[in-house]
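Position 239 of the sequence shown, counted from 1, bears residue number 239 in full-length UniProt numbering, the numbering being contiguous throughout. All C-beta atoms in this analysis are idealised placements derived from N, C-alpha and C, irrespective of residue type, glycine included.
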Amino acid sequence: MIKDNEHITNFSKYSFLLTELIKRDISGKYKDSTLGLFWSFLNPLLSMIVLTMVFSQFFGGSIPNFPVYLLSGKLVFDLFANATTGAMDSIKGNSEIIKKIYVPKYMFAVGIVCSEFINFLISLIVLIAVMLVTGAPFFWSLLYSPIPLFFLLVLTMGVGLILATATTFFTDIKYLYGVLTMLLSFMTPLFYPIEMIPEQYLFLFKINPLYAAVKCFRDIVLAGTFPEMKFFLYLVVASIVALAIGIYVFNKYQDEFILNI
1 MIKDNEHITN FSKYSFLLTE LIKRDISGKY KDSTLGLFWS FLNPLLSMIV
51 LTMVFSQFFG GSIPNFPVYL LSGKLVFDLF ANATTGAMDS IKGNSEIIKK
101 IYVPKYMFAV GIVCSEFINF LISLIVLIAV MLVTGAPFFW SLLYSPIPLF
151 FLLVLTMGVG LILATATTFF TDIKYLYGVL TMLLSFMTPL FYPIEMIPEQ
201 YLFLFKINPL YAAVKCFRDI VLAGTFPEMK FFLYLVVASI VALAIGIYVF
251 NKYQDEFILN I
């Protein structure tokens, strides 16, 4: 209990740092671009247009309102992929600060995940615009959307802490992770219906917590219902387990970071 109180006190003491890190990451993401933060709108919109043009020819007939189906899944996946990829370099990328002064090291990984989550929230404006243009209905179930998005954030935070720890010791992980995220994108039905997967391979997709996150979000946005309970509970459990492992691993090895940066 004492240790938990110390962590809470420490977090409160350095909460200003987290705020500054989030501001830095958001402003620095498109620092050298002419359009700046506008890319948070333009990136998902352009991706959706291109992917819709390509894949709607194959799957558009079997998926109602394909643009919303595609964008709702891609936004969720991109949040996870961008945040965890950014968290990987959070320790080495801030090595000069870590070497000079004491700050809670987890703040750097948490800051990147939070800044990507804010970018995700901004990108939801694009989803709303696409829903309006395509005539998609706005269900009361949208009020439920913060619930699965919260657990998606928890899942992303946990995986981000694990990757931040691992990459500090093994730099090659960040190159392998690019391949893994590409594989995950195909194992998370973003542009095709899950029904097309043969029954014997279906379990491989359903054990992917990102599929559960996408499914829950789509249930709310497209089906107008609370997420299917088995997928929602799986997302909750997976996110809590990921965060618990992430905190444990990060706390166990953070004192050795200074020797590897």
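Where the alpha helix (DSSP H) containing residue i begins and where it ends
{"i": "Val154", "result": "146-169"}
{"i": "Val214", "result": "209-218"}
{"i": "Thr19", "result": "15-29"}
{"i": "Glu228", "result": "That residue, Glu228, is in no alpha helix (DSSP H); it is neither H nor E in DSSP."}
{"i": "Ser95", "result": "95-100"}
Where residue i falls: helix, strand or coil (DSSP)
{"i": "Phe117", "result": "helix"}
{"i": "Met187", "result": "coil"}
{"i": "Ala242", "result": "helix"}
{"i": "Asp89", "result": "coil"}
{"i": "Glu199", "result": "helix"}
{"i": "Glu256", "result": "helix"}
{"i": "Ser123", "result": "helix"}
{"i": "Lys105", "result": "coil"}
{"i": "Ser62", "result": "coil"}
{"i": "Gly111", "result": "helix"}
Cβ-based neighbour list, residue i, same chain, cut-off 7 angstroms, excluding 5 preceding and 5 following
{"i": "Phe231", "result": "Ala212, Lys215, Cys216"}
{"i": "residue 276", "result": "For residue 276 there is no data in the structure shown, the boundaries of the chain being 1 and 261."}
{"i": "Thr52", "result": "Phe66, Pro67, Leu70"}
{"i": "Met1", "result": "Any reading at Met1 is ruled out, since the residue's pLDDT is 44, under 50, leaving its predicted position unreliable."}
{"i": "Tyr253", "result": "Thr165"}
{"i": "Lys105", "result": "Ile91, Ile98, Gln254, Phe257"}
Integer Cβ distance of residue i from residue j, believed to fall under 8 angstroms
{"i": "Gly158", "j": "Ala87", "result": "Between Ala87 and Gly158 the Cβ distance is about 10 angstroms, and since that is not below 8 angstroms, they are no contact."}
{"i": "Ala83", "j": "Phe117", "result": "7 angstroms"}
{"i": "Pro193", "j": "Ile101", "result": "Incorrect: roughly 52 angstroms between the Cβ atoms, too far for contact."}
{"i": "Ile128", "j": "Gly246", "result": "Not really, about 32 angstroms apart at Cβ, beyond 8 angstroms."}
{"i": "Ser145", "j": "Phe77", "result": "Not really, about 16 angstroms apart at Cβ, beyond 8 angstroms."}
Sequence-distant residues of the same chain with beta carbon closer than 6 angstroms to residue i, five excluded per side
{"i": "Ser90", "result": "Phe108, Ala109, Ile112, Ala164"}
{"i": "Leu152", "result": "Ala213"}
{"i": "Lys74", "result": "Leu190"}
{"i": "Phe55", "result": "Phe191"}
{"i": "Thr181", "result": "Ala81"}
Own chain partners of residue i with C-beta closer than 8 angstroms, once the 5 adjacent residues on each side are dropped
{"i": "Gly224", "result": "Pro137, Phe139, Trp140, Ser141"}
{"i": "Ala238", "result": "Leu155, Pro209, Ala212"}
{"i": "Val103", "result": "Tyr14, Leu17, Ile97"}
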